[in-house]
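Participant: Residue numbers (the UniProt record's numbering), protein chains in the order written: chain P, 1 to 217; chain F, 1 to 217.
Note that beta-carbon positions come from the ideal geometry of N, C-alpha and C, so glycine has one too.
Pasting a structure below so you can have a look.
Number of protein chains: 2
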Amino acid sequence: MGLTLHGYWRSGAAWRVRLALALKGLEHATCAHDLRTGAQRADGYRQLNPQGLVPALDCGETGVAPLTQSLAIIEWLEETHPAPALLPGDTLGRARVRAMAQIIACDVHPLGNLRVLQALKGDIGASEDQVQAWLARWMGNGFAALEAMVTRWGAGFAYGDAPGLVECCLVPQLYAARRFGVSLDAFPRLVAIDARCAALPAFAVAHPAVQADADQA
Amino acid sequence: MGLTLHGYWRSGAAWRVRLALALKGLEHATCAHDLRTGAQRADGYRQLNPQGLVPALDCGETGVAPLTQSLAIIEWLEETHPAPALLPGDTLGRARVRAMAQIIACDVHPLGNLRVLQALKGDIGASEDQVQAWLARWMGNGFAALEAMVTRWGAGFAYGDAPGLVECCLVPQLYAARRFGVSLDAFPRLVAIDARCAALPAFAVAHPAVQADADQA
């Protein structure tokens, strides 16, 4: 009856779910699928997740397909394991936190994940410089909106004074920004939140570098 | 104290919120921003929505910034106006419906909206044929996963026998597919759901063609 997370160490979307599990203190098994070799598109895994993507969360119930899509999985975790909460208790707060998370999940991350960058280069012939500008543009737009929203509503973290759904999305996205050399100079509040998160045990155990399938380089 | 929807007749994301409002029978005013002229990036509107995108929903409360991000807005509507429900009553059902909606909102729509197509053509120099293949690829991947999930869980509509959150996302995305000439031949269940929706009054009043700011051509 245990939880099993299907993921990949460097998948930003799988990382979000690892963070939610860690923040809620939920033990889980892991099953890694190497996105670089297309393991997530294998027939056996597609039986579990027709989309052929990570993450997916097996709830451990016989005959129940794993849950898919990182934000849907996190909402399920929030409903089934409410404490500690990753969303505020009031409807307006929840709407704001979901919107901040969706800026990353809908308007930033989808434009910079591995399969999209491969398509940009392979199918459309984009140069490295063009890919770099593409990433900087979408990340910059999203981060600028988030910086403004944190200014309104943050108090140490993105919304109020504790980490939650926004941080589950923000920390992986900032890691991607640094990995691809996108400047974060214009977003001091986001960088400060990231630093505060890095000091917390839940964020340490969920980091890609310490996952079992991580490159040892 | 009324609701005001900031949108644009052809925005798929604004259309989702129009559908949710219509399915719940909620009256609202509208404020149109022409995406083709970049009206959504004007300073005044950015005061309301720092992201400079539609939709945004003004709740009519003095001093409260409009809600943003279509799925966050719909979740707020679901929490504040629960009947009729757009999400199932059980946690597993809600997780599945959210995942199906997020396939469109996170993995399909973001790769085909106006600003992304403009960047593909203008910044990266993609040809019309390359843009067409790009759209067909991401829509096809997402629709194939949804078709499989509807096969598992649908019963006339995408999840069970009534329209809800999935249809709010699916109907605008199928409209976009037809507009851009993406074949739907491989997705008969999705096409059937779309036809069933088209016969319902809520879907009729939310259609782009009947919005006040629609082109008269």
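1. Does the distance from the C-beta atom of P:I124 to that of P:F157 stay below 8 Å?
2. Excluding the 5 residues flanking F:M139 on each side, which residues of the same chain have their C-beta closer than 6 Å to its C-beta?
3. By DSSP's criteria, P:D215 is part of a beta bridge. Which residues make up the other side?
4. Candidates P:G25, P:I74, P:L92: which alpha carbon is nearest residue 250 of chain P's?
5. Name the chain P residues that come within less than 8 Å of F:P110, Cβ to Cβ?
6. Looking at chain F, is there any beta carbon in it that lies within less than 8 Å of the beta carbon of P:T91?
7. Among F:L120, F:R16, F:L114, which residue has its Cα nearest to the Cα of P:A133?
8. Is the Cβ-Cβ distance between F:A195 and F:L23 less than 8 Å?
9. Among residues of its own chain, excluding the 5 on either side of F:G63, which ones have a beta-carbon nearer than 7 Å to its beta-carbon?
10. With 8 Å set as the bound, which would you pick, yes or no: does the beta-carbon of F:M139 sit closer than that to a beta-carbon of chain P?
11. For chain P, find out if any of its Cβ atoms is closer than 8 Å to the Cβ of F:D123; answer yes or no.
12. Quick check on F:V182 - is its C-beta less than 8 Å from some C-beta in chain P?
13. If distances are taken between C-alpha atoms only, which option among P:A39, P:P82, P:V17 comes closest to P:T68?
14. I need the boundaries of the alpha helix (DSSP H) containing F:A105, first residue and last residue.
15. Reducing DSSP to helix, strand and coil, say where P:A20 ends up.
16. At 4 residues or longer, and completely inside the UniProt domain "GST N-terminal" (1-85) of chain P: list those alpha helix (DSSP H) runs for me, N to C.
17. Pair every Cβ in the region 91-101 of chain P with every Cβ in the region 87-96 of chain F, then say whether three or more of these pairs are closer than 8 Å.
18. Apart from the five residues on each side of it in sequence, which residues of its chain come closer than 7 Å, Cβ to Cβ, to F:G52?
Facilitator: In terms of the structure at hand:
1. No, they are not a contact pair.
2. For F:M139, where only same-chain residues beyond five positions count, the Cβ hits under 6 Å are V108, A177, V182.
3. As computed with DSSP, P:D215 is found in no beta bridge at all.
4. Nothing about residue 250 of chain P can be reported from this structure: the residues present for chain P run from 1 to 217 only.
5. Result: C106, D107, P110, L111.
6. Yes, its Cβ sits closer than 8 Å to a Cβ of chain F.
7. P:A133 has its Cα closest to that of F:L120, out of F:L120, F:R16, F:L114.
8. Contact: no.
9. Answer for F:G63: no residue qualifies.
10. Judged by the 8 Å Cβ criterion, F:M139 is not in contact with chain P.
11. For F:D123, the nearest beta carbon of chain P is closer than 8 Å to its own beta carbon.
12. Interface annotation, F:V182: not in contact with chain P, CB-CB separation never under 8 Å.
13. Among P:A39, P:P82, P:V17, the Cα nearest to that of P:T68 belongs to P:V17.
14. 91-107 is the span of the alpha helix (DSSP H), which, as asked, contains F:A105.
15. In the structure shown, P:A20 sits in a helix (DSSP, three-state: H, G or I).
16. Counting whole runs of 4 or more residues, the UniProt domain "GST N-terminal" (1-85) of chain P contains the alpha helix (DSSP H) stretches 12-23, 43-48, 70-80.
17. The answer is no - the region 87-96 of chain F does not touch the region 91-101 of chain P, with fewer than three Cβ pairs under 8 Å.
18. The residues Q40, R41, Y45, R46, in chain order, have a CB closer than 7 Å to that of F:G52 in the same chain once the five nearest residues on each side in sequence are set aside.
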